[in-house]
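To keep things clear, I will list the structure first and then write my remarks on it.
In full-length UniProt numbering, the protein residues as written are 1 to 330.
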């Protein structure tokens with residue numbers, strides 16, 4: 001199955017690579033319109049995934065990541081329209097010079113070809129990745145988690161209909177039609193067709209891709225985001241930033257999990273977090289963790305991704321102590 005998908009994606013990538021900015025934006029505009037027009041199909045598929053996820057005992061935080069609502073789908077469609085407004089990176093000249101021989105040498109941005117993306121229970125990623133790949137002239141093969149299987153299949157079908165409506169091959173955006181984990185290992189070795197691999201998940205997935213892939217891999221963060229409150233900042237402004245970074249969407253992987261700072265600020269953080277904001281919240285500020293942070297050691301409770309309305313507060317000494325308390329990989 002993946003072999004055929006790879007061949008089709010590679011052929012589609014050649015056509016995408018030479019599209020004009022206007023052509024790419026037209027596809028994205030049609031895609032956004034179809035996502036809204038066919039929202040009932042996508043939302044029904046999402047309810048299937050939600051029912052299975054609840055039956056399996058999935059946590060509330062992950063259920064929230066998985067859930068699509070009419071409002072969320074409309075927001076995602078509007079995000080696609082925002083991609084239309086972005087500058088087209090293809091063809092941009094990064095640098096260049098005139099050689100002694102008279103030849104003009106330039107370094108330009110060009111499409112990579114076929115992108116493989118592996119991700120988990122985030123149906124919005126399907127649309128985000130598809131829109132960004134189309135904008136940059138790349139084809140994409142998507143392998144979402146089993147939790148989003150029905151949602152992904154319905155969403156990709158809508159995207160493919162938009163592609164065909166614009167005279168482009170449906171193979172420009174494909175998704176595996178099986179949640180079998182064995183497909184991940186197969187995709188990691190498809191260097192004949194896939195030019196770049198991007199994992200969107202936890203540390204375990206990133207490690208697997210780095211160790212097993214024969215394709216270049218781009219890895220990003222894995223959540224567990226921190227905010228440090230310095231001793232001379234505006235406390236009210238800092239608290240507003242922290243609240244926005246957590247409460248806007250607690251289940252998002254880039255929502256803040258830990259707030260650290262000088263003692264005079266940290267003593268106020270738990271109380272300040274009780275300010276009215278339209279939703280409940282809790283703060284964890286354990287003495288053991290405060291002592292560890294003050295000593296420049298990361299507390300065990302700071303390492304996990306919470307994904308819910310719960311924020312950890314730590315007291316740090318000088319700024320270097322806070323930095324030492326949150327070393328990458330701890």
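Even for Gly, the Cβ is constructed at its ideal location relative to N, Cα and C.
Please read all numbers here as calculations on a predicted model, not as lab measurements.
Check: Between the stretch 110-118 and the stretch 132-143, do three or more beta carbon pairs fall short of 8 Å?; Outcome: yes
Check: Let's test the definition: count the other Cβ atoms within 10 Å of the Cβ of residue 292 and tell me whether it reaches 16, buried, or not, exposed.; Outcome: The predicted position of residue 292 is uncertain, since its pLDDT is 43 and thus under 50; no value can be drawn from it.
Check: Is the number of C-beta pairs between the stretch 99-115 and the stretch 47-60 that are closer than 8 Å three or more?; Outcome: no
Check: Nearest-angstrom Cα distance between residue 227 and residue 238?; Outcome: 9 Å
Check: Applying the 10 Å Cβ sphere with the 16-neighbour rule, what's the burial state of residue 41?; Outcome: exposed
Check: How would you label residue 60, buried or exposed, when you count the other beta carbons within 10 angstroms and need 16 or more for buried?; Outcome: exposed
Check: Measure the C-alpha to C-alpha separation of residue 207 and residue 201 and round it to an integer number of angstroms.; Outcome: 10 Å
Check: In the stretch 167-207, which residue ranges form an unbroken beta strand (DSSP E) of at least 3 residues, counting only runs that do not cross its ends?; Outcome: 173-175, 196-200
Check: Assign residue 106 to one of three DSSP states: helix, strand, or coil.; Outcome: strand
Check: For residue 143, which beta-bridge partners are listed by DSSP?; Outcome: 118
Check: Would you check if the stretch 183-194 and the stretch 144-153 touch, i.e. whether three or more CB-CB distances between them fall below 8 Å?; Outcome: no
Check: Among 245, 51, 188, which residue has its Cα nearest to the Cα of residue 218?; Outcome: 188
Check: Between 3, 193, 34, 79, which lies nearest to residue 129 when the distance is taken from Cα to Cα?; Outcome: 79
Check: Give the DSSP-derived three-state secondary structure of residue 243 in the structure shown.; Outcome: helix
Check: Compare the Cα-Cα distances from residue 245 to each of 235, 234, 258, 233 and report the closest residue.; Outcome: 258
Check: Is residue 96 helix, strand or coil by DSSP?; Outcome: strand
Check: Could you check which residue in 193, 102, 255 has the C-alpha nearest to that of residue 172?; Outcome: 193
Check: Contact defined as beta carbons within less than 8 Å: I believe residue 13 pairs with residue 111. What is the distance between those atoms, to the nearest angstrom?; Outcome: 7 Å
Check: Cβ of residue 18 within 9 Å of Cβ of residue 137?; Outcome: yes
Check: What is the DSSP secondary structure of residue 218, reduced to helix, strand or coil?; Outcome: coil
Check: Among 161, 126, 157, 230, which residue has its Cα nearest to the Cα of residue 144?; Outcome: 126
Check: Indicate the three-state DSSP secondary structure (helix, strand or coil) for residue 258 in the structure shown.; Outcome: strand
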